[in-house]
Every structure is written in structure tokens, then in C-alpha cells.
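There are 4 protein chains.
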Amino acid sequence: MENPGVTIDAFAERVRDSFARQGAMTLIGARLETLRPGYCALALTPRPETSQQHGYVHAGILATLVDSAGGYAGYTLFPADSSVLTVEFKLNLLAPAQGDRIVAEGFVVKSGRTLTITRGDVHAERNGERTLVAIMQQTLMVMRDTSDARRDRREASGAAAAPGASTGAADD
Amino acid sequence: MENPGVTIDAFAERVRDSFARQGAMTLIGARLETLRPGYCALALTPRPETSQQHGYVHAGILATLVDSAGGYAGYTLFPADSSVLTVEFKLNLLAPAQGDRIVAEGFVVKSGRTLTITRGDVHAERNGERTLVAIMQQTLMVMRDTSDARRDRREASGAAAAPGASTGAADD
Amino acid sequence: MENPGVTIDAFAERVRDSFARQGAMTLIGARLETLRPGYCALALTPRPETSQQHGYVHAGILATLVDSAGGYAGYTLFPADSSVLTVEFKLNLLAPAQGDRIVAEGFVVKSGRTLTITRGDVHAERNGERTLVAIMQQTLMVMRDTSDARRDRREASGAAAAPGASTGAADD
Amino acid sequence: MENPGVTIDAFAERVRDSFARQGAMTLIGARLETLRPGYCALALTPRPETSQQHGYVHAGILATLVDSAGGYAGYTLFPADSSVLTVEFKLNLLAPAQGDRIVAEGFVVKSGRTLTITRGDVHAERNGERTLVAIMQQTLMVMRDTSDARRDRREASGAAAAPGASTGAADD
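Quick note, the sequences are listed as chains A, B, C and D, same order.
Position one of the first sequence corresponds to residue 1 (our numbering), numbered consecutively onward.
Position one of the second sequence corresponds to residue 1001 (our numbering), numbered consecutively onward.
Position one of the third sequence corresponds to residue 2001 (our numbering), numbered consecutively onward.
Position one of the fourth sequence corresponds to residue 3001 (our numbering), numbered consecutively onward.
Structure (C-alpha cells):
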């Protein structure tokens, strides 16, 4: 996929800025691994703080990671002066999330003028082996003319450069 | 709804124990507010660490809270010697999650022998006003004969007394 | 809920017109039962043609009915010169759908400027008893300035007055 | 993927039998195109009866087709003496479904002891070109010891050899 209006370097910078501003990404220990047009991979290292009581990563933490991976994947194909909202996502949990590293990938399936649809995969890696632990299907919304310089609109949109943010203010 | 085999006091104790063992519940600052047969309410106070960059609570944090509320709601109707797995959930985001308190409620719609279906609502409260910020629909799985005393099965099931845990080991 | 711009009589007429034009509503035998602002109930009588092999109504037929009920519920709150698209829906199946009558209800949870979120319930009725057989959560999209008189836009939008229609052309 | 207990020929025969018994598959004009372990493709030719008013195939008809494709895909990996239930599915609509042929494919993502998770794609074909019009994510349930010879259990399970049937009786 291509985004004629924005280079991937420009998007990588925007996504990195967004990451740095999101408390929740820091809270769960998410790292930006790979960004290509229509694709994003995020990773985290399981810690006791991301776990339920048996040491597996909590489904909500997986949801946070893969929702953001899908959101940033979609965002790479958006116009320059826009932001991204998560409209909804659905997550199926397939196996316990444990290991050295959890990787969530987001893939754009269709990038539309207003809505973008993605799929997401979450793998757990242990000693070089990968296990598919969750899959996602997601709807994103493009918020046009919502630059970081326009604070009023940015607040209204809820999630400028912040996939996974709760949505809707701009849609009231 | 009623659970003839288990008193609500016994369930409240089991759920409190489960909460105390879950790192992710502590990480996001979740509190157990209300527990009745077929119903659970969890709450958190928004902090910079639970937010995306504009101060709203991140969708993944909302997902963590309401997935757990639904899971514990379902768990109240399960047999005594059992645990609960989240099979899948779907979350729609309706409005920015901001305010003094975020409350996630889980409601059992159908409690079956193997599967339980719930709905969830997430409200943001500010100065006594409530705004519906997200709604959820969820499938849970009953894991029978999975007591806390049987560590091997408990590990295999992934989510003994831990709704929201990643599932599937026992279903391999 | 209220729609200050359009009377319910006007909407009832638009929905009835839409119904009459939809081959699929006729194919499955759907009837428009009730229409209020933010609410719609559709019904059908189970026939061998709507069934899987044991006489229960097929999940796809239930999906067709409740997707349309949600879509028309949302449509009652839309501006006069607009149409409705189904963006996505999620359906949980709870019990076999059998009986004298299947009733699908759609309820608007949030009506936004661009997106509308609904929930749906499907009951099977037999000898006066109702059983909840399926629940739905759905996202709709408002297509503005898409009147029946503008055939080009109507074709492009895919689903003018036709919730449940496949979406997306206008969003390319 | 492999199913050591059942040959694909045996499954193809079971699926064909199931198809022949399902009124809804006949009603919408579905054809069984391809069946491999973990994969199923169904197709239909758009007719006025499967359409909404502008000639596109109705989303509910697409749902019926792809829910069944996913269900039969999962069923190919089930034990011989079992049946399949659809627990839930989620469908995103991407583009208007029009053309000479609609093809729905189901792919098994994980086949578990009790639950099977699938993804589905629906393409519209016109003059040799394919357009992705919908994507699905689905949860199926294995019903063990539910053969066609045991009518009582078959009725209770709701969907013996009938993916897409409304579920739940056996789970009460």
C-alpha cells in the first residue's frame, strides 16, 4: 500500500511523537518495532505488572497493544493533516500469552475516505518459537483537518495521533 | 439471577483474592466496587499513566476494565470448583473517557453450561454526571474442576479466577 | 430520543418504502412491526426455507433480521436527506431459534454526527413465551445528502434507506 | 492442517449432506465450491431476491454465506462423531457486493478441543476482477458425541453439521 501524500519517514516521526505522549503505552511497556505503509508492529516484554495471577499477560494489555498496532497501521495511510480514532475492535483470545516477548501486528485491510478496517495478530515469542495468542478485527475513523497545532479540534477528536484513544467527541 | 451452589459472599471473597493476585488490575488502578450474582462493577480514577496524550483514558485501559467486569459478573454464576476464561470480546467506543471516575459494569445475558455471554457498559463520571463512553459484548468459558488448589490445571487453564486472562491452553 | 428534523410518520413511510424495495426482506419473510425514534422491531415466521436442517432458524437469517432492525432504528434519528450504511455488526447466538415468531429489536445506544451505535436483541416466541436467542452490537454510518432522488449518489452509497446493505462505495 | 481421524472425502460427504438439508442455503442460492482441511469456499450468484434495493447483495445474505463457510471450514477438523455450533461472529462490510459471483471463504485460525476460531473473506467477482467486500472473525464450538444417528442430541445441539444454526440448546 502507498500513501502518496505522506512519506513513511514523516509518519514514523509522527507515530514516535504520539508514542512518547501516551501514558498508557509507557504504562504497559510498549515499544514501536516496525512501521511501514499499512503495517505496524508493537512489542512488550511481559512483567508481573502486565500479568494476571499466573504470569500470563492480561487480555486487556494484549488489547491495548494490538488496538494501537492496528491504529498506527491505519494512520500511516491517512492524509498529513489528520488524526485517527478507534471506532471499535473485536479480540479473540487463542492461547496463554507468555514468553520473552509479545508482538502485536496491525494490517490495513481497507483504507477508505472516512473509515479504515484492519486486522491484528498477537504472537508470544519464547526461545525463538512463536505462538499466535490473539487475533483482532478493527474499525478506525479518519479525523481530517485535525493537526496537533489545533488544540481545540485535537481535544474534540479525542485521539489525534492516538489510536486506541476513546472516541466520539468530534462525532457528537 | 441465582447461583444455588455458591453464596455471593463466597464469590466476593474469591473475586477479591483474584484481584489481589492480578498485576494488571493494580497497574491500571482498578477497584472492585460491586458484586452481585450476574453483575460486577469495577472502577478506576484516571491518571496520566492510564491516558493517551490528551488526557482521556486509553481504549485499551477501558477494555481491560470492562473485560474484567464482564468476566467477574459471569464468574459469580459458575460452579464452586471452576474458573473463567475470556473467549472474545468486542468493544465500541462512544465518547472520550475523562472525568473523576471511570466505572465499568458487566451484566450476564446468558449463563450456559460451557459458555456465558455478557454485555458491558463503561461510564465516565464528572461532577456527578455520567457519560456512556463504551459498550461491550463478550463470550466467557467455564473451566470446570479447576480449583486454586490444582496448580497444574490452573496454569493450563490460563485464567483461574482471572477473567481477562489470555485463554486457550486448556482448549488445545 | 428525538429527531427534531423529521417526524416519525415521515420515517415510517421512508422505512416502509425501503422495505418494499429490498428483495432480501421479502426473501426471508421479514415484517416491519414497530418503529419509534431510536427503535425498530422486525419479525418473521419460521418456515422450512429459513431453517437449517433441524427446523431452527439459520443464524444468517437472524443476522439479516437484526442487522436491519438496528439499521432502521438508527435511521429514524438521521437527518431527512440522508441514508444509512451498516459498517459492521457482531452477533452472539444464545439458544435455538424456533417457535411461532422471531422478533428482532434494534435500539440506538448513541446517535452521532457520522456514526451511530446500536444494540439488538432477537427473541423467539412460542405459545406466548419469549426466549432470547441472539444479541447484537452494531456500527452504522450516516450518509448525508443522499436522497432517493439522487440516483448516482444513492448507488454510490450502497444502502440508501437500506440498512444491512453492503457498504463502502461512498467511502472509497 | 490435518485431521488424522477423518478423511477429507468423508467430510466432503458430510458437508454435502448437511448442505442439502439446510433450507437457508437453498433459499439464498449457496453452492459448496471447495473443501479442504481447515478451509471452505461457498459461492452464490446475486439475484434480485438476495439484494437490497440498489442491486447489491444484502449484508445479511453475505453473513449467512460467510458464517457457513467458516463453520464448515472448522468442521473439517472436528472428530468424526461431532457437530458444530456458531457461538458468535463479527462482520465488517468494506464495499458493495455486486457482480457475477459472490465467494465466501472460511479459514481456521485455531482448532481447539472445545472452541475453534476462524477468519472469513468475502469477494465479489465481476469480469474476472475480485473485490474484497466483507471480512469476518468467528468462534465455533465442537459438540462431541453428536452424530446424525442420535436425533435427540442432534436436536438439542441445534446445529449438527449445520454451521450457522442458532446455538445454545446443548449449552443450557
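All C-beta atoms, glycine included, are put in the ideal place defined by N, C-alpha and C.
Rounded to the nearest whole angstrom, the C-alpha separation of Leu65(A) and Gly2029(C) is 44 Å. DSSP links Met2141(C) through a beta bridge to Leu2085(C), Leu2115(C). Unbroken alpha helix (DSSP H) stretches of 4 residues or longer found wholly inside the stretch 2028-2056 of chain C: none. DSSP lists no beta-bridge partner residue for Thr3076(D). When DSSP states are grouped into helix, strand and coil, Ala2124(C) belongs to the strand group. Taking the beta carbon of Val3087(D) as reference, the chain B residues within 8 Å of it are Val1087, Leu1115, Thr1139, listed in sequence order. Taking 7 Å as the CB threshold, Asp2067(C) lines the interface with chain D.
Any Cβ of chain A closer than 7 Å to the Cβ of Val3103(D) would place that residue at the interface, and such an atom is absent.
For the options Lys3110(D), Leu3094(D), Ala3124(D), Val3122(D), the alpha carbon positioned closest to that of Leu115(A) is the one of Leu3094(D). Spanning the alpha carbons of Pro1048(B) and Pro3037(D) requires a straight line of approximately 49 Å.
Against Thr3050(D), the close residues of chain C are Gly2023, Ala2024, Leu2027, in the order they occur along the chain (beta-carbon pairs closer than 9 Å). The contact set of Lys110(A) on chain B, defined by CB atoms closer than 8 Å, is empty, because the minimum CB distance reaches about 19 Å.
Under the three-state reduction of DSSP, Ala3095(D) is assigned to coil, being neither helix nor strand.
Under the three-state reduction of DSSP output, Glu2013(C) falls in the helix class. Secondary structure at Gly106(A): strand, using DSSP grouped into helix, strand and coil. According to the DSSP secondary-structure assignment, Glu129(A) is paired through a beta bridge with Arg126(A). CA-to-CA, the gap between Gln1022(B) and Met2025(C) works out to about 49 Å. For Met136(A), the secondary structure class from DSSP, reduced to helix, strand or coil, is strand. Rounded to whole angstroms, Ala20(A) and Gln52(A) show a C-alpha spacing of 26 Å. The C-alpha of Val1084(B) lies about 16 Å from the C-alpha of Val57(A). Apart from the 5 residues on each side of it in sequence, Glu2013(C) has no Cβ closer than 6 Å to any other Cβ in its chain. In this structure, Ala2069(C) lies near Glu2105(C), with their beta-carbon atoms less than 7 Å apart. Taking 7 Å as the CB threshold, Ile61(A) lines the interface with chain B.
Only residues of its own chain outside the window of five on either side were considered, and among them Thr2116, Ile2117 have a CB closer than 8 Å to the CB of Lys2110(C), listed in chain order. Beyond the five residues adjoining it in sequence on each side, Ile3008(D) comes within less than 8 Å, by CB distance, of Leu3035, Arg3036, Pro3037, Thr3076 in the same chain, given in chain order. Asp1067(B) has its alpha-carbon roughly 21 Å from the corresponding atom of Val103(A). Among the CB atoms of chain B, none fall inside 7 Å of the CB of Leu42(A). Here Asn92(A) is not near Ile61(A), since their CB atoms are 7 Å or more apart. Spanning the alpha carbons of Ala97(A) and Tyr72(A) requires a straight line of approximately 22 Å.
The Cβ atoms of Gln3137(D) and Arg3119(D) lie closer than 7 Å to each other. Interface criterion met: the Cβ of Leu93(A) is under 7 Å from a Cβ in chain B. Remark: C-beta atoms of Leu1140(B) and Gly1055(B) do not approach each other more closely than 7 Å. By the neighbour-count criterion, in which 16 or more other beta carbons inside 10 Å mark a residue as buried, Ala1080(B) falls on the exposed side.
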